[in-house]
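First comes the structure, then the notes that go with it.
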């Protein structure tokens, strides 16, 4: 008689196979991967750390100081906010540069203060956005499908007052070459620059959010 077969089970739509010392979880394709980001109190991924797999409106409730000096993105894309409840300046952490940010100036911050964090909604459609010179989707119109390091050089324009995101997720920077204050835009219509959290229509550059 051969060796006994390992037990098998089923957890809803998840199949589970047990072997000696290990458990293998076979996920159907419809199950979304778990998103993970890790915040570190000190530079170079040192000091106290906080692992997040869901939105957090108050980091203070996680017993983590609001000082964040480095970040590692394991999967997905995330936005850190200066204030609680996803308000104030935004800081994008995505899979650019392998998702490693060893100091806060890597995410265009001037201070190490982060009070809330949320994941960016992933849209699997090809990146596509329409930019309008004026609010209400009027005036000069441009459609982009790739990263634009300098909007003025490409389109002779540095003012964008409304945006339609038709595919993917995008990040708008006030300065060229992906620098300065920035704002994450998910798939929806933004009737005015205030809809994406800005106080100005100045746009220097724009790129797609990297989820992998």
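Numbering (the UniProt record's numbering), first residue to last: 1 to 212.
Beta carbons are placed, not taken as given, at the ideal position from N, Cα and C, and that holds for glycine.
Only residues of its own chain outside the window of five on either side were considered, and among them 129, 185, 186, 187 and 188 have a CB closer than 7 Å to the CB of residue 165, listed in chain order. Burial check for residue 94: the Cβ neighbour count within 10 Å reaches 16 or more, so the residue is buried.
In the three-state scheme derived from DSSP, where H, G and I count as helix and E and B as strand, residue 75 is classed as strand. Measuring C-alpha to C-alpha distances from residue 57 to each of 83, 104, 34 and 68 identifies 83 as the nearest. Distance from residue 158 to residue 203 at the Cβ level is roughly 6 Å; contact confirmed, criterion being Cβ atoms closer than 8 Å. For the pair residue 49 and residue 35, the CB atoms are not nearer than the 8 Å cut-off. Nearest to residue 194 by C-alpha distance, out of 89, 115, 100 and 140, is 89.
Counted as a single uninterrupted DSSP element, the alpha helix (DSSP H) harbouring residue 153 occupies residues 151–155. DSSP places residue 51 in the uninterrupted beta strand (DSSP E) bounded by 46–52. Non-local C-beta neighbours of residue 172 in its own chain, meaning closer than 7 Å and more than five positions away in sequence, comprise 182, 183, 185, 196, 203 and 206, ordered along the chain. Under the three-state reduction of DSSP, residue 43 is assigned to helix. Straight across, the Cα-Cα distance linking residue 52 with residue 37 is about 5 Å.
In the DSSP assignment, residue 129 forms a beta bridge with 144 and 165. A distance below 8 Å separates the beta carbons of residue 161 and residue 133. Comparing alpha-carbon positions, the option among 126, 156 and 102 lying closest to residue 69 turns out to be 102.
When 110, 123 and 168 are compared, the shortest CA-CA separation from residue 179 is found for 110. Proximity to residue 126 across 75, 107 and 147 peaks at 147, based on C-alpha coordinates. Residue 46 places its beta carbon 8 Å or farther from that of residue 211. For residue 119, the pairing in a beta bridge is given by DSSP as 78.
The C-beta distance from residue 139 to residue 191 rounds to 13 Å, too long to meet the 8 Å contact threshold.
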